[in-house]
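Numbering (our numbering), first residue to last: 4 to 281.
Beta carbons: idealized from backbone N, C-alpha and C, even for Gly.
These notes concern the structure reproduced below.
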């Protein structure tokens, strides 16, 4: 493989056999090298490709970043992929590497940034939050830098964002939206939901994917008026509650959630309320 660009002493770009630009990382792999020279393959530690628009962003992020930071971010991403078991957008290499770099710099400068959503992330995105906590352990182990627990929430947010394909502004709103939807259910039925119950956990899981689908505009477009009417007749209060949530989503996102999505939501609302009455 030949070098296309030398980004810094430890990161270069090359091309794969299809002519697509790839990122090649390794300690000292770019030291003293120039474009057109052969890559020392014994120094290669990581090879990956990014979407075209993300490649230049990644190069900018890592240009002046210590290699230890870049490598630590890669360890965190690898752990997240293995642990979470769902697809993460490749843009996570840009966003999480950039975030960790700044987080470490802030820590070294004594700057503390509070995460107001940390509690919600821990509650509604616990798997991602646990990965965030593990990431803090990895940073401590690799760099001897102890980041505050609030950073686990920020890292979790980046993971949720990567699952959604990069809609960071909206993914930040997701925990608050789930909290609001749960409050709509509480106020409609005048109940306190049992947050330790299995039915509650299942309901929150449904809400996570429901909100994610709506934000990504991937909610079901299928029309089934007969099914919708059946749910409205069988579970009238739950259906009414789901309609309130539909109005809330319209106001929040300026988007009309499909009727069939609302009908399925009503079924889940009925289940969580019904389980409390057993």
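_My output table needs one value for residue 260: the three-state DSSP class, helix, strand or coil._
coil
*asked:* Among the candidates 66, 160, 141, 90, whose CA atom is the shortest distance from the CA of residue 13?
replied: Of the candidates 66, 160, 141, 90, the residue whose Cα lies closest to the Cα of residue 13 is 66.
*Hey, is residue 44 close to the ligand SAH, as in C-beta under 6 Å from one of its heavy atoms?*
The model on display carries no ligand, and the ligand SAH is accordingly not part of it.
*DSSP three-state call for residue 250: helix, strand or coil?*
helix
_The beta strand (DSSP E) that contains residue 15, what's its start and end?_
14-18
*residue 51 - containing beta strand (DSSP E), residue span*: 49-51
*Taking residue 165 and residue 92 to be in contact with their CB atoms under 8 Å, please state how far apart those CB atoms are, rounded to whole angstroms.*
About 5 Å; that satisfies the 8 Å criterion.
_Please report the distance separating the alpha-carbon of residue 138 from that of residue 57._
Distance between the alpha carbons of residue 138 and residue 57 is about 23 Å.
*asked:* Cutting at 7 Å between CB atoms, please list the residues of its own chain near residue 255, excluding the five before and the five after it.
replied: 180
*For residue 75 versus residue 145, is the C-beta spacing smaller than 7 Å?*
yes
*Contact check, residue 18 vs residue 7 under 8 Å by CB: the rounded distance?*
6 Å
*Starting from the C-beta of residue 158, find all residues in its chain whose C-beta is less than 6 Å away, skip the five residues before and the five after it, and write them out in chain order.*
135, 138
*CB contact flag (residue 154, residue 106, <7 Å)*: Judged by their CB atoms, residue 154 and residue 106 are nearer to each other than the 7 Å cut-off.
*What is the DSSP secondary structure of residue 27, reduced to helix, strand or coil?*
When DSSP states are grouped into helix, strand and coil, residue 27 belongs to the strand group.
*Where does residue 164 sit, in a helix, a strand or coil, going by DSSP?*
helix
*Thinking just about the alpha-carbon of each residue, which of 15, 133, 217, 279 is nearest to the one in residue 87?*
Out of 15, 133, 217, 279, 133 has the C-alpha closest to the C-alpha of residue 87.
*Status (buried if at least 16 other CB within 10 Å, exposed otherwise) for residue 90*: Residue 90 comes out exposed.
*Per DSSP, what kind of secondary structure is residue 215 in: helix, strand or coil?*
Looking at residue 215 - three-state DSSP - the assignment turns out to be helix.
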